[in-house]
Amino acid sequence: MEKYLDLRNKKEYKGIEEAGQKIKAGGLVLFPTETVYGLGANGLNSEAVEKIYSAKGRKSDNPLILHISNLEMLSKIAQGITKVEQKLIQAFFPGPFTIILKRTDIVPDVVTAGLETVGIRMPSGEIARRLIEEAGVPIAAPSANISGKPSGTNVQDIYEELKDKVDIIIDGGETEVGLESTVVQVIDEIPHILRPGKITAEQIKEVVGNVEIDKHILNKTEKDQKILSPGMKYRHYAPNSKCLLVYSKEKDKLVNKIKEIANTYDNPLIISKSDNIENFSEFKTIDMGNTLEDISKNIFTVLRKVDKEKPSIVIIEGVSRDGIGLAIMNRLIRACEYNYIEV
Ligand code: AMP
Ligand code: MG
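Those letters in the sequence shown? Residues 221 to 563, by my numbering.
Structure (structure tokens):
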């Protein structure tokens, strides 16, 4: 790293111009968006984009999202936008929403992993927006983390793993949402949610009248199965320790089941809602917050704390799938490598 830019709690944005130039020139910049931190490079420069894959250790068949700051950029990288797609763009740009569109020829193959489509998002975070504006090109940026690890929602969590791999780090404090964007692809006029996020199925349905939730969101993909979003097949968000996700609609049942399982292990760790934590006072615990909004903000940092404790098992309390709860459960199920029980 050549430069660390501290923009926490600041209303001025000094240094972003230089970071934008760095991106334009083919460098790597770690920067905050409203969802999670991104590892950004010039999205129209294949060599620069390849640096992202090697920095993360990301598989080359897992495409990247291009981040834009205005609709003029959109028209350069996407074509044949349909009415339904147009409506979604109008409703959810800028924000935590990615749409998969037919790409134009200027989008390098390495960005889309060879697909004819490209994922596009217009972030609402001020630092991200200004950075793209200064770069003057779409910024290819996956979540900032080594592949397989939880995404970075603050600089401290990812500093050690990425500091030697980027040119500039922009620190904007904790990200607002804490989970990656909702990814949507419109097929035969119906929006399909490929990855859930803060923009929910209900919100999408309100705009275009219908919505499908891809079945892989909470289910394992079988080997060789054709899936729309390549990223869904990889191990993700997972601590090194073995994790188990437990959920029940009834609080007493949930607490009892977690205790029962914890008692069969030597050194268990329980990740629980603040309200339930006193029920687990005889065990090691980590508090993940109470509301779905708090949990989505905290969950990646919480998952990163797990390995420091070296537990024999991590038992994680599941949440309801309402609203952003579906996105939380999608990440937790993957963190637990599909070890999930509902009682
Ligand atoms: P990340 O950048 O790590 O937040 O992950 C981006 C997600 O978007 C991954 O799950 C990708 O598989 C998905 N994605 C990106 N581009 C496309 C595309 N063209 N078609 C389908 N999924 C995509
Ligand atoms: Mg990621």
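C-beta atoms are modelled at their ideal positions from N, C-alpha and C, and glycine is treated no differently.
query: Listed in chain order, which residues are found with a beta carbon closer than 7 Å to a heavy atom of the ligand MG?; result: 362, 363, 365, 371, 400, 451 and 456
query: Check for me: the alpha helix (DSSP H) holding residue 518 runs from which residue to which?; result: 512-529
query: Just to check my reading of the structure: residue 403 and residue 449 have Cβ atoms closer than 8 Å, yes? What is that Cβ distance to the nearest angstrom?; result: 6 Å
query: With respect to 7 Å, is the separation between the Cβ of residue 550 and the closest non-hydrogen atom of the ligand AMP below this value?; result: no
query: Just to confirm before moving on: does the CB-CB distance between residue 362 and residue 284 stay below 8 Å?; result: yes
query: Specify whether the segment 278-295 and the segment 329-342 touch according to this definition: at least 3 beta carbon pairs, one from each stretch, less than 8 Å apart.; result: yes
query: Between residue 527 and residue 556, what straight-line distance do the alpha-carbon atoms span, to the nearest angstrom?; result: 13 Å
query: Name the DSSP bridge partner or partners of residue 224?; result: 389
query: Name the DSSP bridge partner or partners of residue 466?; result: 537 and 561
query: Going by the beta-carbon positions, is the gap between residue 249 and residue 391 smaller than 8 Å?; result: no
query: Just mark residue 563 as buried or exposed, buried being the case when its beta carbon has 16 or more other beta carbons within 10 Å.; result: exposed
query: So which of 532, 221, 417 and 501 has the shortest CA-CA distance to residue 542?; result: 417
query: Report yes if the C-beta of residue 430 is less than 7 Å from at least one heavy atom of the ligand AMP; otherwise report no.; result: no
query: Can you check the segment 286-359 for any beta strand (DSSP E) of at least 3 residues that lies completely inside it and give the ranges in chain order?; result: 317-323 and 337-341
query: In terms of DSSP beta bridges, what is residue 240 paired with?; result: Answer is none; residue 240 lacks a bridge partner.
query: Contact between the segment 316-334 and the segment 393-410 is defined here as three or more beta-carbon pairs at a separation below 8 Å; is this criterion met?; result: yes
query: Grouping DSSP H, G and I as helix and E and B as strand, with all else coil, what is residue 456?; result: coil
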